[in-house]
Amino acid sequence: MPITGGTTQARDEMLEVVRANMPVDVSVVIWEDELQDVDPDVISADVNVQHLDSDQASFPPEVNCRRWESEGVMRVRIRVPESAGGLTKLDELATLMRNALRGATTPGGVWFQNVVAREVPPKDRKSQTDVTARFRYQEIG
Numbered sequence: 058m059p060i061t062g063g064t065t066q067a068r069d070e071m072l073e074v075v076r077a078n079m080p081v082d083v084s085v086v087i088w089e090d091e092l093q094d095v096d097p098d099v100i101s102a103d104v105n106v107q108h109l110d111s112d113q114a115s116f117p118p119e120v121n122c123r124r125w126e127s128e129g130v131m132r133v134r135i136r137v138p139e140s141a142g143g144l145t146k147l148d149e150l151a152t153l154m155r156n157a158l159r160g161a162t163t164p165g166g167v168w169f170q171n172v173v174a175r176e177v178p179p180k181d182r183k184s185q186t187d188v189t190a191r192f193r194y195q196e197i198g
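So the sequence shown is numbered by our numbering: it starts at 58 and just counts up by one.
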């Protein structure tokens, strides 16, 4: 079933996949600006969704029935303080998120592709890894 609620629906569905696959002890942050509100001693995952392209995919005569193909990149940056397990815990969470996104599809048809976990240099005594996924979906509008 294609997305009918625009980028808001697509983004909400993508974020729900992240929330559903992160353990409850991980603080999921939607925008990087909100990191200032996160306790520095807890494990966190901040999510960034970037739409990169959108093309018209059909040309039916009815208004609001055209299909649009949208694509972009979602990044989940997982941050683990040294006191919470450091690299060992980070690898566990990054693998969990990578496996959850590989080939996954949301209810509205957002499809994740080219999922990879990339190590990021430590910052503020936290080990970090980015799990990135290209996404694509069709929207009716």
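Where is the CB? At the ideal position from N, CA and C, for every residue including glycine.
Evaluate residue i with the Cβ neighbour count: other Cβ atoms within 10 Å of its Cβ, from every protein chain shown; 16 or more gives buried, anything less gives exposed.
i	result
E196	buried
L109	exposed
V133	buried
D103	buried
T163	buried
Could you tell me the boundaries of the alpha helix (DSSP H) in which residue i lies?
i	result
M154	143 to 158
E73	63 to 78
Can you tell me where the beta strand (DSSP E) holding residue i begins and where it ends?
i	result
D187	183 to 197
I87	Neither: I87 is in no beta strand (DSSP E) and is coded neither H nor E.
F169	168 to 180
G165	Run containing G165: none; DSSP gives neither H nor E here.
R124	124 to 138
Assuming residue i contacts residue j under a Cβ cut-off of 8 Å, what Cβ separation, rounded to an integer in Å, is found between them?
i	j	result
V86	R76	Wrong, their Cβ atoms sit about 11 Å apart, outside the cutoff.
A157	Q170	Actually they are not in contact, since the Cβ atoms of A157 and Q170 sit about 14 Å apart, beyond 8 Å.
S184	V137	5 Å
S111	Y194	About 10 Å; that fails the 8 Å criterion.
V106	M71	6 Å
Excluding sequence positions up to five away, which residues of its chain have a Cβ less than 7 Å from the Cβ of residue i?
i	result
A151	I135, A174, T186, V188
A161	V74, F169
Less than 6 Å between C-beta atoms, sequence neighbours within five positions excluded: which residues of the same chain meet that for residue i?
i	result
I100	V83, V137, A141
V172	R155, L158, R159, A190
Quick check: does the Cβ of residue i come within less than 8 Å of any heavy atom belonging to the ligand GTP?
i	result
S140	What this structure holds is no ligand at all, so the ligand GTP is not there to describe.
Looking only at its own chain, which residues have a Cβ that is under 8 Å from the Cβ of residue i, when we skip the five neighbours before and after it?
i	result
G166	M58, P59, I60, Y194, Q195
D98	P138, S140, A141
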